[in-house]
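Going down the list, the sequences are from chains A and B.
For the record, in the first sequence the residue sitting at position 94 is 94 according to our numbering, with numbers rising by one throughout.
For the record, in the second sequence the residue sitting at position 258 is 258 according to our numbering, with numbers rising by one throughout.
Every residue, glycine too, gets a C-beta built ideally from N, C-alpha and C.
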Amino acid sequence: MIDWEVFGAWLCAALVVWIYSFAYRDNVLYKLAEHMFLGAAAGYSIALALDSLNRVLIRPAITTPQTFWATSWHYIIPAVLGLLMLAKYSRKYYWLARYAVAVNIAVGTGLALRTVPIANIVRQITATILPLWGSDPVKTLNNWIMVLVTLGGLTYFLFTIFPRRVEGVPPSPTYWVYRALYYIGVYGMMVGFGALFANTIMTRVGFLISIYLIYLQPQAWASIAAAVLAAIAIILGALRKK
Amino acid sequence: MSSQISLGKVLESRELLYTLLLLAVILPILHPIGIPIEISARTRDVYNYIEQNLKPGCHVFVEVYYEVAARGELEPNLIALTKHLFDKGCKIVYSSLSAFGVVAFSLFKANAADLFANKEYGRDYVYFGYIAGGEAASASLAKSIKGTISVDNYGNRLEDLPLMKEVDKATDFDLVIIVSSGTDVFAYYVRQWHTPYGAPLLFVALSVIAPSVEPFVGAKQAIGMLVGQRAGAEYEVLVGRLGLGIASMDAQSTSHMLILAFIAVGNVVYWTKRLSSKRGGSR
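Structure follows, in structure tokens:
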């Protein structure tokens with residue numbers, strides 16, 4: 001009798017090893033794991049979406065029709081719009097999908113625009129208006145860096161008006177201020193990208209550690225067997241290419 | 001000569017780095033070193049906020065928005081926060097705007113079974129499951145949960161759950177926690193929960209996502225942010241429930257040291273080659 005839970009854990013460990021085997025070389029087991037993952041993920045998403053539709057709309061409409069029509073009748077509208085999206089697959093009625101897309105975009109834009117100016121513009125600008133003199137030297141330094149790098153970053157992305165240096169004429173003070181802010185912006189962004197890259201490494205290493213702890217270590221023999229199989233697949237693949 | 005070339009090729013190969021990285025991850029897990037970790041000010045601020053502002057019986061909304069791959073980075077934070085909130089006597093409403101959040105929630109609940117053992121579903125906590133609609137769904141939930149969905153993840157009617165008689169809209173919650181592996185969902189909650197209703201937000205983000213949502217924290221649109229596995233480990237120490245986060249710290253430290261060493265060696269090799277080619281050119 002197969003214990004499906006154990007089989008699932010072994011399969012899980014093997015698929016993880018085969019996915020990571022791509023770091024060494026593309027191989028048939030990696031491709032198998034990749035296709036299985038994509039298929040399962042797509043199937044799972046569709047199943048969950050249908051389940052959500054069933055829970056929210058279909059089941060209440062059938063089991064408690066009076067309550068549904070009294071309180072939740074408006075769910076019919078997004079359901080109809082969702083069905084219209086499928087019209088894309090018809091050559092004759094594809095235009096119907098445009099209504100669904102138009103409503104979707106309009107609602108999304110309307111909802112976002114309601115608060116975007118405050119949440120993403122005004123609050124971000126006010127957060128950079130900081131006191132540049134104070135009793136705490138570390139805080140003061142941080143505030144200076146924040147203000148200068150923000151101004152520098154904005155200056156770097158000025159594409160329309162900027163002071164130019166004319167041959168034979170000494171540059172104006174505006175030019176030097178512009179150049180200084182430009183370079184502060186460049187170096188500020190480089191530091192930002194560096195921090196982002198370091199965080200990316202941290203996340204990827206974190207994924208590797210947790211995947212090892214959760215899936216590979218508890219099924220050590222399955223992981224080792226999968227790694228040996230992946231090594232054989234890589235060697236056979238390399239030999240076939242030669 | 002040929003042996004020199006092959007050695008150089010081996011040293012330059014990415015496979016060597018991957019193998020060493022794998023060893024740097026596996027060896028400290030098999031033989032823990034016990035490198036001490038310090039609680040960062042940011043994690044302590046979040047802990048203190050919950051300690052000082054949340055009273056017994058308070059309500060917390062938790063958005064579970066991550067896929068299984070991000071579990072190791074985010075689940076330690078979610079478990080430690082859940083323990084802290086339950087210890088404070090809070091009632092928690094979980095929800096997912098992502099389809100994969102449902103899997104993440106079931107794995108989280110199985111992994112933190114001890115925390116839910118004495119808690120009653122429907123009275124102490126509720127899980128809505130997957131709610132389709134992205135930002136529109138988020139806005140609708142903020143306005144009225146019962147106006148958005150009528151049943152929870154398990155098919156129970158919301159009006160039959162005692163906890164749902166106490167909360168319905170954004171202003172009913174004392175804290176809103178977003179545990180996400182993506183960037184957009186943080187903006188959804190800032191735009192639809194914080195800006196119109198003033199809901200206090202707490203972000204739990206992947207390390208790679210943190211710089212993108214940092215401006216919201218800097219602008220005080222969130223009360224704080226817990227970043228990645230490291231913050232999870234710190235929070236586990238603070239609440240006294242050690243788990244995956246703290247188990248990962250030795251491996252994190254050794255693998256980061258290895259990567260730092262490779263970056264240093266790479267730079268030395270790069271500058272040596274560049275300087276030697278410049279000298280060759282001038283000759």
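- Chain order gives the chain A residues near residue 73 of chain B as 203, 206, 207, 210, where near means a beta carbon separation below 8 Å.
- Taking a Cβ-Cβ cut-off of 7 Å, residue 91 of chain A has no neighbours in chain B, whose nearest Cβ is about 28 Å from it.
- Exposure of residue 265 of chain B is indicated by the presence of fewer than 16 other C-beta atoms within 10 angstroms of its C-beta.
- Any Cβ of chain B closer than 8 Å to the Cβ of residue 192 of chain A would place that residue at the interface, and such an atom is present.
- The residues 216, 223, 226, 227, 230, in chain order, have a CB closer than 8 Å to that of residue 17 of chain A in the same chain once the five nearest residues on each side in sequence are set aside.
- Annotation: the segment 164-236 of chain A contains no complete segment of the beta strand (DSSP E) (minimum length 3 residues).
- When B:63, B:190, B:278 are compared, the shortest CA-CA separation from residue 118 of chain A is found for B:190.
- CA-CA distance, residue 77 of chain B to residue 94 of chain B, rounds to 15 Å.
- Spatial neighbours of residue 10 of chain A in its own chain (CB-CB distance under 7 Å, excluding positions within 5 residues in sequence) are listed in chain order as 219, 222.
- Boundaries of the beta strand (DSSP E) around residue 126 of chain B: 125-130.
- Taking C-beta atoms as the reference points, residue 199 of chain B and residue 176 of chain B count as a pair closer than 8 Å.
- Remark: fewer than three beta-carbon pairs, one from each stretch, lie closer than 8 Å, so the segment 24-39 of chain B and the segment 158-178 of chain B are not flagged as touching.
- By the Cβ criterion, the segment 255-272 of chain B is not in contact with the segment 56-76 of chain B, since fewer than three pairs of Cβ atoms, one from each stretch, lie closer than 8 Å.
- Annotation: the continuous beta strand (DSSP E) that includes residue 225 of chain B extends over 224-227.
- Per DSSP, the continuous beta strand (DSSP E) segment holding residue 61 of chain B begins and ends at 59-65.
- Against chain A, the beta carbon of residue 218 of chain B has neighbours under 9 Å at 124, 127, 128, 146, listed in chain order.
- Contacts between residue 196 of chain A and chain B, judged by CB atoms closer than 7 Å, involve 211 in chain order.
- Separation of residue 191 of chain A and residue 215 of chain B (C-alpha to C-alpha, rounded to the nearest whole angstrom) is 16 Å.
- For residue 171 of chain B, there are no neighbours in chain A by C-beta distance under 9 Å, as the nearest C-beta there is about 16 Å away.
- Residues 209, 212 of the same chain have their beta carbon placed closer than 6 Å to that of residue 183 of chain B, with the five preceding and five following residues left out of the count.
- Neighbours of residue 102 of chain B across chain A, judged by C-beta separation under 7 Å: 48.
- Shown here, residue 167 of chain B sits in coil according to DSSP, grouped into three states, outside any helix or strand.
- Taking a C-beta distance under 8 Å as the contact criterion, residue 63 of chain B and residue 97 of chain B qualify as a contact pair.
- The three-state secondary structure of residue 91 of chain A, taken from DSSP, is coil.
- In the DSSP assignment, residue 98 of chain B falls outside any alpha helix (DSSP H), carrying neither H nor E.
- At least one CB atom of chain A sits nearer than 8 Å to the CB of residue 206 of chain B.
- For a Cβ distance threshold of 8 Å, residue set 210, 213, 214 of chain A lies close to residue 244 of chain B, ordered along the chain.
- Residue 86 of chain B sits in a helix when the DSSP states are folded into three classes.
- The DSSP-derived three-state label of residue 129 of chain A is coil.
- Here DSSP, grouped into helix, strand and coil, assigns residue 91 of chain B to strand.
- Here residue 201 of chain B is bridged, per DSSP, to B:176.
- Excluding the 5 residues flanking it on each side, residue 19 of chain A has same chain C-beta neighbours closer than 8 Å at 30, 33, 34, 37, in chain order.
- Boundaries of the alpha helix (DSSP H) around residue 113 of chain A: 96-116.
- Annotated three-state conformation of residue 208 of chain B is coil, per DSSP.
- In this structure residue 47 of chain B is not in contact with residue 197 of chain B, their Cβ atoms being roughly 25 Å apart against a cut-off of 8 Å.
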